[in-house]
Amino acid sequence: MKPEQNYIELFNRNRALIDSGSAGAMNALRDRALDCLVRHGLPHKGLEEYLHTDVAEWFGPDWGLNPARIDMHVDMAQAFRCNVPNLSTLLYFLANDEFALSQTAARASLPEGVFAGSLREAAGSRPEIVERYYGRSADMDRPGIAAVNSMFAQDGMMIYVPDGVVIDKPLQLVTLLHSPVDMMVNRRILVVLGRCARLKLLLCDHALSANRFLTTQVMEVFAGPGSGLELYDLEETHNANLRISELYVSQEQDSSVEADFVTLHNGRTRNTVYVTLQGRGARLSLNGIGAIDREQHLDNMTFVDHRVPECTSNELFKYVLDDSATGAFAGKVLVRKDAQHTSSEQTNRNICLTRSARMFTQPQLEIYADDVKCSHGATVGQLDDRAMFYMRQRGIPEQEARMMLMQAFVGEVIGRVALEPLRDRLNRLVEKRFRGELSQCEGCRACR
Amino acid sequence: MMLKIENLHAGIDGREILKGIDLEVNAGEVHAIMGPNGSGKSTMSNVLAGHPAYHVTEGRVTFKGKDLLSMSAEERSHEGLFMSFQYPVEIPGVSMTNFMRTAINEKRKALGEEPLPPAAFLRLVKEKRDLVKLDAKFMNRSVNEGFSGGEKKRNEIFQMAMLEPSLSILDETDSGLDIDALRIVADGVNRLRSADTSVIVITHYQRLLDYIKPDVVHVLYQGRIIKTSGPELALELEERGYDWVIKEFEDSLG
Chain A
6 MKPEQNYIEL
16 FNRNRALIDS
26 GSAGAMNALR
36 DRALDCLVRH
46 GLPHKGLEEY
56 LHTDVAEWFG
66 PDWGLNPARI
76 DMHVDMAQAF
86 RCNVPNLSTL
96 LYFLANDEFA
106 LSQTAARASL
116 PEGVFAGSLR
126 EAAGSRPEIV
136 ERYYGRSADM
146 DRPGIAAVNS
156 MFAQDGMMIY
166 VPDGVVIDKP
176 LQLVTLLHSP
186 VDMMVNRRIL
196 VVLGRCARLK
206 LLLCDHALSA
216 NRFLTTQVME
226 VFAGPGSGLE
236 LYDLEETHNA
246 NLRISELYVS
256 QEQDSSVEAD
266 FVTLHNGRTR
276 NTVYVTLQGR
286 GARLSLNGIG
296 AIDREQHLDN
306 MTFVDHRVPE
316 CTSNELFKYV
326 LDDSATGAFA
336 GKVLVRKDAQ
346 HTSSEQTNRN
356 ICLTRSARMF
366 TQPQLEIYAD
376 DVKCSHGATV
386 GQLDDRAMFY
396 MRQRGIPEQE
406 ARMMLMQAFV
416 GEVIGRVALE
426 PLRDRLNRLV
436 EKRFRGELSQ
446 CEGCRACR
Chain B
30 MMLKIENLHA
40 GIDGREILKG
50 IDLEVNAGEV
60 HAIMGPNGSG
70 KSTMSNVLAG
80 HPAYHVTEGR
90 VTFKGKDLLS
100 MSAEERSHEG
110 LFMSFQYPVE
120 IPGVSMTNFM
130 RTAINEKRKA
140 LGEEPLPPAA
150 FLRLVKEKRD
160 LVKLDAKFMN
170 RSVNEGFSGG
180 EKKRNEIFQM
190 AMLEPSLSIL
200 DETDSGLDID
210 ALRIVADGVN
220 RLRSADTSVI
230 VITHYQRLLD
240 YIKPDVVHVL
250 YQGRIIKTSG
260 PELALELEER
270 GYDWVIKEFE
280 DSLG
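First to last, the sequence lines map onto chains A and B.
Residue 21 in my numbering sits at position 16 of the first sequence, and the numbers go up by one each step.
Residue 187 in my numbering sits at position 158 of the second sequence, and the numbers go up by one each step.
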């Protein structure tokens with residue numbers, strides 16, 4: 006039996022329950038989602054884009070869901086204290102997929118017209134937005150998990166920033182996995198930025214209980230003309246978490262999006278990013294850090310589609326792999342015939358600290374326009390032993406020298422993070438990670 | 030005695046390059062080690078500094094009464110051994126300040142001392158930078174990254190001044206330097222000399238020795254020291270080349 010069969014049956018059996026725990030546009034998409042899953046199945050190793058990550062296999066165990074939305078009794082404020090010094094945020098939570106907000110976020114008065122809250126609630130209260138954008142760019146008609154996520158997702162978060170509105174204070178969405186039993190969690194995030202709207206959004210993915218989880222996260226971002234988004238997705242879960250995320254970004258004219266993926270602690274992770282540059286002058290900065298060890302697995306795939314002229318995309322992904330960790334990076338850049346004066350740069354650099362760590366990297370450029378500036382580079386190597394000896398000769402012990410070199414290596418990516426307090430925070434987190442002090446997710450009381 | 034090398038055999042990749050070196054350096058002395066290309070000069074400095082790729086097959090080295098060869102590279106540094114690199118290494122992403130502060134404080138830690146307070150560290154940096162005329166802006170840059178050849182060598186001597194070693198090995202420090210840079214570097218080295226410190230200058234040419242006056246000059250050839258003499262030997266080598274020394278040595282072997 007194909008792994009998706011289980012979930013198709015589960016869906017059919019529980020359809021009414023799923024619908025009753027959700028609303029409007031979310032329910033309206035489910036039939037098409039089911040149809041897509043039946044046609045495409047779950048992505049498996051036989052597909053080029055999933056060569057190194059057999060997502061279908063992850064669905065193999067008969068994962069339980071919580072369609073009846075039984076309360077898991079997570080006291081968010083009690084359970085979680087995300088300590089980002091000098092970074093004051095408006096804090097929101099998704100406990101599994103259940104939305105909640107902190108007291109400060111509840112008290113904060115956001116500019117008029119802004120919505121930051123439960124997606125399920127928005128589907129009822131702001132149907133004009135949700136109906137217009139939900140499921141519009143998440144492509145279910147190709148191998149991926151958008152279909153299965155759309156079938157089962159009942160809640161998540163929506164952020165809507167109307168034309169001309171700038172939210173200075175970063176919004177922080179902490180996603181917490183918490184369950185007394187192994188569980189599958191499907192969550193959904195929708196971000197809509199109007200003309201010249203601005204938003205900073207920090208996602209922190211944590212696991213509170215030690216059970217096994219399968220998480221699917223689908224996020225759709227619509228960046229209106231002249232808008233600006235800084236998006237940071239930081240994963241600090243645990244070895245028993247399987248995470249599949251898909252980010253769909255659609256950028257209008259002169260919009261600017263920075264999206265950074267930082268994986269500091271995980272089990273097995275697949276992040277896929279699809280960016281469509283569809284308005285002239287749109288700018289994208291897409292970066293990633295992977296610090297993985299033991300049997301951890303991290304696969305980032307990015308697909309940047311330059312559809313119109315004069316857009317810019319810059320990508321920098323760096324991995325440090327220890328023990329028997331495996332990493333993969335595939336970066337596809339498509340420059341269509343009309344996309345003249347495209348400027349695109351893609352770099353993937355990796356350090357394997359041991360002989361058993363493995364990294365697969367595959368840059369892929371498809372260019373159909375003739376007046377463009379595109380470059381790419383990929384390397385897999387070890388720490389520079391000449392630098393090691395130089396540092397040791399100056400009295401820096403081997404272990405410390407290694408630390409400094411690793412820190413410097415990923416420091417280049419952290420340097421691209423626009424949000425300064427987050428840069429400091431990331432530097433500290435990465436250092437702790439390399440020192441082996443971050444063996445569990447930071448900030449969760451349950452893990453301490 | 031600062032350094033005593035006895036019958037040192039060493040090499041790399043299974044190839045023996047040093048074939049029985051004997052050398053004694055007293056505190057306060059400057060020794061020059063000269064020799065044609067491929068004679069083993071760089072191997073000798075790397076072996077003394079503890080480069081992990083080189084292996085010692087025979088002999089012993091005593092540094093200030095301790096067994097040097099049993100120490101790691103960093104322990105040798107903490108004991109007061111410094112090597113100025115022929116090709117200083119660029120370390121992107123590690124600032125000079127961070128690098129130097131870590132080096133200083135690791136040494137202090139090894140000696141059981143408290144870390145240097147930040148203000149004292151900055152004063153020390155300023156004082157030692159002035160010694161080799163190294164601009165303050167270099168401290169915020171990554172180690173050696175984007176430095177010119179002369180700046181890299183001055184940076185080596187700056188680090189030497191910061192770490193206050195008892196034995197400094199200058200490996201081809203003159204290579205790639207113009208005459209002004211050479212003077213600044215040599216001047217820095219001379220001002221760091223004392224009755225308690227020793228210097229080994231490894232060089233192919235005599236010109237650095239115009240500025241750093243050696244007490245003893247050795248000729249290294251095919252992994253052995255084939256001649257040892259006073260400073261006048263350096264001048265003679267500059268004038269006549271190495272062939273006559275090599276011939277003298279070969280004749281002596283019969």
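Yeah, the Cβ is synthetic: ideal placement off N, Cα and C, and Gly gets one too.
Asked	Found
As assigned by DSSP and simplified to three states, the class of C446/A	With a pLDDT of only 47 at C446/A, under the threshold of 50, the placement of this residue in the model should not be trusted, and no figure is reported.
Outcome for C449/A when other beta-carbon atoms lying within 10 angstroms are tallied against a minimum of 16	Reliability fails at C449/A, whose pLDDT of 43 lies under 50, so the model's placement of it is uncertain and no value is given.
D36/A (DSSP reduced to helix, strand or coil)	helix
CB contact below 7 Å: I164/A versus chain B	no
Chain B contacts from the region 394 to 415 of chain A (Cβ-Cβ distance under 9 Å)	F394, Y395, M396, R397, Q398, R399, G400, I401, P402, E403, E405, A406, M409, L410, Q412, A413, F414 and V415
A296/A at chain B interface by Cβ criterion, 7 Å	no
Limits of the unbroken beta strand (DSSP E) element including D51/B	R44 to V54
Proximity to G217/B [Cα-Cα], best of F111/B, D272/B, E45/B and L160/B	L160/B
Exposure label - T58/A; buried when at least 16 CB within 10 Å	buried
Residues near A110/A in its chain [Cβ-Cβ closer than 7 Å; skip 5 each side]	L95, L96 and Y97
F187/B versus R158/B - alpha carbon distance	6 Å
Neighbourhood of Q10/A by C-beta, 8 Å cutoff - its chain only, sequence neighbours within 5 removed	none
Separation of I372/A from L339/A, as counted between CA atoms	6 Å
Span of the alpha helix (DSSP H), counted from its first residue to its last, around M411/A	E403 to I419
Delimiting residues of the beta strand (DSSP E) encompassing A296/A	R288 to I297
Residue interval of the alpha helix (DSSP H) (run including V218/B)	I208 to L221
In DSSP terms, what V230/B is bridged to	A61/B and L199/B
Beta carbon proximity, R433/A to chain B, threshold 7 Å	no
Residue burial classification, I133/B (beta-carbon count within 10 angstroms, cutoff 16)	buried
Given 8 Å, three or more beta-carbon pairs between the region 190 to 208 of chain A and the region 237 to 251 of chain A	yes
Whether A264/A touches D304/A by CB criterion (7 Å)	no
Any C-beta of chain A under 7 Å from that of E201/B	no
Below-7 Å beta-carbon distance, R141/A vs any chain B residue	no
Separation of E117/A from K7/A, as counted between CA atoms	49 Å
Cα-Cα separation, I198/B to P175/A	54 Å
Same chain only: Cβ atoms within 8 Å of R220/B, ignoring 5 sequence neighbours per side	L160
For P132/A, the first and last residue of its enclosing alpha helix (DSSP H)	P132 to Y138
K50/A Cβ short of 6 Å to the ligand MG heavy atom set	Only the bare structure without any ligand can be found here, which leaves the ligand MG out of the picture.
Proximity to S214/A [Cα-Cα], best of Q222/A, H45/A, V179/A and P185/A	P185/A
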